[in-house]
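Visitor: These protein sequence lines are chains S and D, in that order.
When you line the first sequence up against this note's numbering, it's residues 269 to 394, in that order.
When you line the second sequence up against this note's numbering, it's residues 269 to 394, in that order.
Glycine included, C-beta positions come from ideal geometry on N, C-alpha and C.
Please find one structure pasted underneath; my questions will follow.
Number of protein chains: 2
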Amino acid sequence: MKSLGKHLIVELYECDFDLINEVGSVEKILVEAVAISKATIVQPVFHQFSPHGVSGVVVIAESHFTIHTWPEYGYCALDIFTCGDLIDSDASLQYLKEAFKAGSMSVMEIKRGVLDLPAEELRHKP
Amino acid sequence: MKSLGKHLIVELYECDFDLINEVGSVEKILVEAVAISKATIVQPVFHQFSPHGVSGVVVIAESHFTIHTWPEYGYCALDIFTCGDLIDSDASLQYLKEAFKAGSMSVMEIKRGVLDLPAEELRHKP
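Written as structure tokens, this is what we have:
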């Protein structure tokens, strides 16, 4: 079934407290994950919360990567939304799991924009 | 079941071409939707694609709103990820459907960060 976008909904558990609590390390790791996927960065936004937690968004030409961290629970909510056949979001995901030293991970993949059109008419953005 | 976050995965169909093709109107409508939810804006990012389409992200203190539009199909992929009991994402959603003049909509609600902890120990960020 053809769709416009592929959306990975990812739960990372038992991550390293310091790595997911520092905006610097979260930004470095998420931006590297985008590079591994071969997506094109439009704009990154990262924010440090007090006393704990980081939110990060990387808008890419092919949609977005987002992360929200709860270091006190070792938990990260990660979303990888891409379009086009050239983006390797699975490689990004494996890198992110290792980089944050996650003990376990759950992933759900959702197809976005499954339109009632012949597959050859579906073009990807941009 | 208690969770850290509430994530609405929204597909908007048969939207108004001009409204979802102009970065100005998409930004105005999404920022108003955030205000209706009573979330706190950290940073908005909007990008116009050529020849069609807009990507927008609003990082909020309670997670994020994102939108990606395909005007040529009348389609928007919308995500509303919030945490805390004080955010009214359902009101935002109704506003967005009307503002983009969507002919139809599908919504899936996902609980994010369902941790194996007593409910009273789960605190929301920030």
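1. Should Ala359(D) go down as buried or exposed, given a rule of 16 or more other Cβ atoms within 10 Å for buried?
2. Between which two residues does the alpha helix (DSSP H) holding Glu366(S) run?
3. Among the residues of its own chain, which have a CB less than 7 Å from the CB of Pro339(D), if the five just before and after it don't count?
4. Per the DSSP calculation, His275(S) is bridged to which residue(s)?
5. If distances are taken between C-alpha atoms only, which option among Asp384(D), Leu383(D), Ile348(D), Gly381(D) comes closest to Ala301(D)?
6. For a contact meaning CB atoms closer than 9 Å, what does Thr334(S) contact in chain D?
7. Where DSSP assigns a beta bridge to Pro312(S), which residues make up the other side?
8. Counting pairs of Cβ atoms below 8 Å between the segment 276-283 of chain S and the segment 359-372 of chain S, do you hit three or more?
9. In whole angstroms, give me the CA-to-CA distance for Thr334(D) and Pro386(D).
10. Which residue comes first and which comes last in the alpha helix (DSSP H) that contains Ser305(S)?
11. Cα-Cα, which of Val326(D), Lys379(D), Tyr341(D) is closest to Lys296(D)?
12. Give me, in chain order, the residues of the same chain whose beta-carbon lies closer than 8 Å to that of Thr308(S); leave out the 5 immediate sequence neighbours on both sides.
13. Along the segment 302-317 of chain S, where does the CB come closer than 8 Å to a CB of chain D? Name the residues.
14. Rounded to whole angstroms, how far is the Cβ of Ser357(S) from the Cβ of Lys270(S), which I believe are closer than 8 Å?
15. For the beta strand (DSSP E) that Ser331(D) lies in, which residues bound it at each end?
16. Output needed in chain order: residues of the segment 352-386 of chain S with a Cβ under 9 Å from some Cβ in chain D.
17. Mind checking who Cys283(S) pairs with in its DSSP beta bridge?
18. Do the CB positions of Val278(D) and Leu361(D) come within less than 8 Å of each other?
19. Any beta carbon of chain D sitting closer than 8 Å to that of Leu298(S)?
Guide: Result, derived from the coordinates:
1. Residue mapping note: residue 359(D) aligns to position 91 of the second sequence, counting from 1. Ala359(D) should be labelled exposed.
2. By 1-based counting over the first sequence, the position of residue 366(S) is 98. Note, Glu366(S): alpha helix (DSSP H), 357-367.
3. The residue given as residue 339(D) occupies position 71 in the second sequence. Within the same chain, Pro339(D) has close Cβ partners Phe285, Ile288, Asn289, His320, Gly321.
4. Locating residue 275(S) in the first sequence gives position 7, where the first residue counts as 1. His275(S) is bridged to Phe349(S), Ile378(S).
5. Counting from one through the second sequence, the residue named residue 301(D) turns up at place 33. Nearest C-alpha to Ala301(D): Ile348(D).
6. Taking the first residue of the first sequence as position 1, residue 334(S) is located at position 66. Simply Val325, Val327, Ser331, His332, Thr334, Asp347, Phe349.
7. In the first sequence, the residue the question calls residue 312(S) occupies position 44. Bridge partners of Pro312(S): Val326(S).
8. yes
9. Counted from its first residue, the second sequence places residue 334(D) at position 66. Counted from its first residue, the second sequence places residue 386(D) at position 118. Thr334(D) and Pro386(D): Cα-Cα distance of roughly 31 Å.
10. As a first step, residue 305(S) is located in the first sequence; it is residue number 37 there, counting from the start. That run of the alpha helix (DSSP H) goes 291-305.
11. Along the second sequence, one-based indexing puts residue 296(D) at 28. With distances taken between Cα atoms, Lys296(D) lies closest to Val326(D).
12. As a first step, residue 308(S) is located in the first sequence; it is residue number 40 there, counting from the start. Excluding positions up to five away in sequence, the list reads Ile328, Ala329, Glu330.
13. Val310, Gln311, Val313, His315, Phe317
14. To locate residue 357(S), count along the first sequence from 1; it is residue 89. To locate residue 270(S), count along the first sequence from 1; it is residue 2. That belief does not hold up - the Cβ atoms of Ser357(S) and Lys270(S) are roughly 17 Å apart, past 8 Å.
15. The residue you call residue 331(D) lines up with position 63 of the second sequence. Segment 331-338, the beta strand (DSSP E) holding Ser331(D).
16. Met376, Ile378, Arg380, Gly381, Val382, Leu383, Leu385
17. Counted from its first residue, the first sequence places residue 283(S) at position 15. Its beta-bridge partners do not exist; DSSP assigns none.
18. Stepping through the second sequence from its first residue, residue 278(D) is reached at position 10. Stepping through the second sequence from its first residue, residue 361(D) is reached at position 93. Result yes, Cβ atoms of Val278(D) and Leu361(D) sit closer than 8 Å.
19. By one-based count along the first sequence, residue 298(S) stands at place 30. Not an interface residue.
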